[in-house]
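These protein sequences, in sequence, are chains A and B. In terms of the numbering used here, the first sequence has 151 at position 22, counting the first letter as 1, and numbering is strictly consecutive. In terms of the numbering used here, the second sequence has 90 at position 71, counting the first letter as 1, and numbering is strictly consecutive.
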Amino acid sequence: ETGVTQTPRHLVMGMTNKKSLKCEQHLGHNAMYWYKQSAKKPLELMFVYSLEERVENNSVPSRFSPECPNSSHLFLHLHTLQPEDSALYLCASSQGKLLAGGYEQFFGPGTRLTVL
Amino acid sequence: RKEVEQDPGPFNVPEGATVAFNCTYSNSASQSFFWYRQDCRKEPKLLMSVYSSGNEDGRFTAQLNRASQYISLLIRDSKLSDSATYLCVVNLDGTASKLTFGTGTRLQVTL
């Protein structure tokens, strides 16, 4: 089983749909992240969970709703999205919170989302 | 000034060439620095951390210049397989968990 998995890999949805992205990590890490990657823009950190508690919310619109039921699973619930939300959504995990020495973040393959 | 800034490229170099990328960051108090590699339509993967004293891993050398607030990545003897986008990543404000990514520098190594 690869380290960080994401499903689905591709998703097309209308603006009125509700869908969820799933991320699972098999590395025994206790921090998980959601990032958004749009064309020609840097990765944008959306949410951080550490030990199942949300520790960072980077002013993300409420139409994105994260859920972390345990340290291995992370969801991103989507509703009433806009076409500009079309992007690659990447999940990552790390051993712990980033400290001065840094902890490597391992990324999943991403979900390519298209909002029509 | 962007928080983490990179030349987007593309850098087109022949096999065997040496190529260097720079990246500037905005916060002088930044503590941790990394280079990630992202292949086309794939996820980013850590290439190497950047230490104050500089570090080398095979053909790759990373350096940190705190006074000028930049980090660099040098690739020697480029291979076709080095073709990718190289992301400069900084823990800008020392906040636990938060990494700030540059837009990436695209490298294309040709025959």
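Idealized CB from N, CA, C, for every residue including glycine.
From the listed residues M142(A), F176(A), V141(A), the smallest Cα separation to F193(A) is found for F176(A). If the five residues before and after Q166(A) are omitted, its C-beta is found closer than 8 Å to the C-beta atoms of L172, E173, A216, L217, Y218, L219, G239, all from its own chain and listed in chain order. About 11 Å separates the Cβ atoms of M144(A) and T243(A), ruling out a contact at the 8 Å cut-off.
The Cβ-Cβ distance between T43(B) and Y89(B) falls below 8 Å. Approximately 4 Å separates the beta-carbon atoms of E62(B) and F236(A); this is inside 8 Å, confirming the contact. Identification of residues in the stretch 55–70 of chain B having a C-beta nearer than 8 Å to some C-beta of chain A yields K61, E62, P63, K64, L65, S68, given in sequence order. Residue range 133–136 is occupied by the beta strand (DSSP E) that includes T134(A). No Cβ-Cβ contact shorter than 8 Å links M67(B) with D58(B). For L174(A), the enclosing beta strand (DSSP E) covers residues 173–179.
Here G121(B) is buried: its Cβ has 16 or more other Cβ atoms, across all protein chains shown, within 10 Å. In the DSSP assignment, M142(A) falls within the beta strand (DSSP E) that extends over 139–142. Taking all protein chains in view, the Cβ of V141(A) is surrounded by fewer than 16 other Cβ atoms within 10 Å, so the residue is classified as exposed.
Residues of chain B whose Cβ lies closer than 7 Å to the Cβ of E213(A) do not exist; the shortest such Cβ separation is about 18 Å. With respect to chain B, the C-beta atom of E182(A) has no partner C-beta closer than 8 Å. Residues of chain A with a Cβ closer than 7 Å to the Cβ of T37(B) do not exist, since the nearest Cβ in that chain sits about 26 Å away. Taking C-alpha positions only, K148(A) is separated from Q25(B) by approximately 35 Å.
About 14 Å separates the Cβ atoms of G35(B) and L126(B), ruling out a contact at the 8 Å cut-off.
Using a Cβ distance threshold of 8 Å, E181(A) and C197(A) count as a contacting pair. Among the bridge pairs identified by DSSP, R241(A) is matched with H139(A), L217(A).
In this structure, DSSP gives L99(B) a helical state, which the three-state scheme calls helix.
Membership of N146(A) in any beta strand (DSSP E) is not indicated, and neither H nor E is assigned to it by DSSP. Here S45(B) is near E22(B), since their CB atoms are less than 8 Å apart.
The continuous beta strand (DSSP E) containing K64(B) extends over residues 63–69.
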